[in-house]
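*Asks:*
2 protein chains.
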Amino acid sequence: MNCDDQGRARGHAVLVLALLAVLGLVSQQPRSGYDVRKVFIETALAHFSASPGAIYPALRRLERAGLLSGEVERQGTLRPRRVYRLTAQGDRGLKRHLGRPVARDDIVWHMDELMLRFVFMDPLLGRAATLEFLEEMAQELEAYLPELEAQLAQQEQVGTACSRLAVQQGLEGYRATARWARRAIKALSSG
Amino acid sequence: MNCDDQGRARGHAVLVLALLAVLGLVSQQPRSGYDVRKVFIETALAHFSASPGAIYPALRRLERAGLLSGEVERQGTLRPRRVYRLTAQGDRGLKRHLGRPVARDDIVWHMDELMLRFVFMDPLLGRAATLEFLEEMAQELEAYLPELEAQLAQQEQVGTACSRLAVQQGLEGYRATARWARRAIKALSSG
DNA sequence: CGATACATGTAACCGGTTACATGATTTT
DNA sequence: AAAATCATGTAACCGGTTACATGTATCG
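As structure tokens, then:
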């Protein structure tokens, strides 16, 4: 069992999770840092930073990277607010990121990112793309489940009762998500 | 809706997740940094760092904090290995952390930590404590579910179809975990 | 002899958390 | 007048990722 040079390629995956959330929110409508914070706090959107020391610098970085442009707005607000919009480049980048195919790797390691993509996808890429995304997700999940079950059955001997139960819990989560994806497809097709 | 002074208290919760995993693994048996890495990689234990730049410094920090003690071992190994054991203080600290009651907050924000505690709990605190832990988990989950359902029903009007489906997905996860906890209790009681 | 596995580390960079600062406006 | 809300930020600290460095032993 080789341990060398593993443990890499984990940080960003083109876009860090929090940045994807920020871009997605700004894509819905122009927002200030405070607006983004509010959404993070009120909706418990995933579980993101929400601290000013994270959000304001992140917006600045996205602006430096050319994905957002911020303009100071003075009308009708207490204090001047710096309101951000997607640039053309940001729009392209976000759409490209949202449109990427669902990989096995995403299912195993980045389920939260997949859900985030799902939330922001519909208005930007259209219903057909959203349904395709869900179909890919469902298929990847349904292909992954038997493998997990085989692993669990195979390791029924080794490990403690509790470690096996913990694996079982993970498996149940994947099963629930697979069922959810199928139901979501139906809901979005007929609705 | 007040946004001030939110977004705090999110980093450590006495023990950061990765440190809890490291302590738990060392509690099972004396391990070196390489051993810990192997477990992180091979078992996909949650999804932890596993990079040497994370693990070796973490072990050193835990040693400086008095929770671990490392001794260099030269027999029967290729290169001298620094093998760590729990100190008396580390043992006390880990047991205290594992034995904390399950709070609503843990259910909402730190489910992964709860699962980690579950995995390491049985040998250290005994079967009775493990069953009590699962019972607390099940009860907190079952109390939380109706609230989530109410929120979802209430916000059936606002939000897009996709955002509602995303919330639904989270709900299904909690439901699956609640069912799992009840089954785990049965399995560990009778088995 | 070269590749692979064993084993431990370091240094630069980046970014999140914590905590504090600031200041205007509305509410009590 | 005081408190709360709106709104934006900064600076120190800490730690993870990435990437590189190093060296031994075994296997083919």
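Chains as they are written, first to last, in this note's numbering: chain A, 491 to 681; chain B, 491 to 681. Beta carbons: idealized from backbone N, C-alpha and C, even for Gly.
My understanding is that Asp595(A) touches Glu603(A), with C-beta atoms under 8 Å, so please give their C-beta distance in whole angstroms.
*Replies:* Not a contact, Cβ separation roughly 11 Å.
*Asks:* Thinking Leu631(B) and Ala668(B) are a contact (beta carbons under 8 Å), I'd like their distance in whole angstroms, please.
*Replies:* Yes, they are in contact, since the Cβ atoms of Leu631(B) and Ala668(B) sit about 4 Å apart, within 8 Å.
*Asks:* If you draw a straight line from the alpha carbon of Pro547(A) to that of Arg672(B), how long is it in whole angstroms?
*Replies:* Distance between the alpha carbons of Pro547(A) and Arg672(B): 44 Å.
*Asks:* Within 7 Å: the Cβ of Leu549(A) and any heavy atom of the ligand ADP?
*Replies:* This structure simply doesn't include the ligand ADP, nor any ligand for that matter.
*Asks:* Using a Cβ cut-off of 8 Å (strictly closer), state whether Leu678(B) contacts chain A.
*Replies:* Yes, Leu678(B) lies at the interface with chain A (some Cβ there is under 8 Å from its Cβ).
*Asks:* Which value, in whole angstroms, describes the spacing of the CA atoms of Ser541(A) and Arg554(A)?
*Replies:* Going from the Cα of Ser541(A) to the Cα of Arg554(A) covers about 20 Å.
*Asks:* Can you find at least 3 beta carbon pairs, one from the stretch 523-531 of chain A and one from the stretch 613-625 of chain A, that sit closer than 8 Å?
*Replies:* Flag = no, the stretch 523-531 of chain A and the stretch 613-625 of chain A do not touch.
*Asks:* For Ala640(B), return the contacting residues in chain A, with the cut-off set at a CB-CB distance below 9 Å.
*Replies:* Here the premise fails: no neighbours, minimum Cβ distance about 15 Å.
*Asks:* What ranges does the beta strand (DSSP E) occupy inside the stretch 539-620 of chain A, keeping only unbroken runs of at least 3 residues that lie completely in it?
*Replies:* Within the stretch 539-620 of chain A, the complete beta strand (DSSP E) runs of at least 3 residues are 558-563 and 571-576.
*Asks:* Measuring CB to CB, does Gly556(B) end up less than 8 Å from Gln519(B)?
*Replies:* Not a contact, by the Cβ cut-off of 8 Å.
*Asks:* Return the residues of the stretch 608-635 of chain A that lie within a Cβ-Cβ distance of less than 8 Å from chain B, sorted by chain order.
*Replies:* So the list reads Phe608, Val609, Met611, Asp612, Pro613 and Thr620, given in the order they occur along the chain.
*Asks:* Closer than 7 Å by C-beta to Val506(B): which residues in its own chain qualify, once you throw out the five before and the five after it? Chain order, please.
*Replies:* Cβ within range, chain order: n/a, list empty.
*Asks:* Thr650(B) CB to nearest chain A CB: under 8 Å?
*Replies:* Cβ-Cβ to chain A under 8 Å: yes for Thr650(B).
*Asks:* Return no unless some Cβ of chain A is closer than 8 Å to the Cβ of Ser653(B).
*Replies:* Output row for Ser653(B): interface = yes.
*Asks:* Could you tell me which of Arg575(B), Ser517(B), Ile675(B) and Leu576(B) sits nearest to Glu622(B), measuring between CA atoms?
*Replies:* Among Arg575(B), Ser517(B), Ile675(B) and Leu576(B), the Cα nearest to that of Glu622(B) is on Ile675(B).
*Asks:* Given that Gln659(B) touches chain A, what residues does it touch there, using C-beta distances under 9 Å?
*Replies:* Within chain A, the residues near Gln659(B) are Met605, Phe608, Ala666, Thr667, Trp670, Ala671 and Ala674.
*Asks:* Please check if any C-beta of chain A sits within less than 8 Å of the C-beta of Glu662(B).
*Replies:* Chain A, which has a Cβ nearer than 8 Å to the Cβ of Glu662(B), makes this yes.
*Asks:* Just to confirm, is the Cβ distance from Leu576(A) to Leu558(A) under 8 Å?
*Replies:* Closer than 8 Å, so yes.
*Asks:* Which chain A residues sit within Cβ distance under 8 Å of His587(B)?
*Replies:* Within chain A, no residue comes near His587(B); the closest Cβ sits about 17 Å away, beyond 8 Å.
*Asks:* Give the range of the alpha helix (DSSP H) segment to which Gly663(A) is assigned.
*Replies:* Where Gly663(A) is concerned, the enclosing alpha helix (DSSP H) stretches over Ala651 to Ser680.
*Asks:* Who are the near neighbours of Gly514(B) in its chain, counting only those whose CB is closer than 6 Å to its CB and skipping five residues on each side?
*Replies:* Cβ within range, chain order: Phe610.
*Asks:* Does the beta-carbon distance from Phe608(B) to Ala656(A) come in below 8 Å?
*Replies:* Yes, Cβ-Cβ distance for Phe608(B) and Ala656(A) is below 8 Å.
*Asks:* For a cutoff of 8 Å on Cβ pairs, would you count Ala656(A) as touching chain B?
*Replies:* Output row for Ala656(A): interface = yes.
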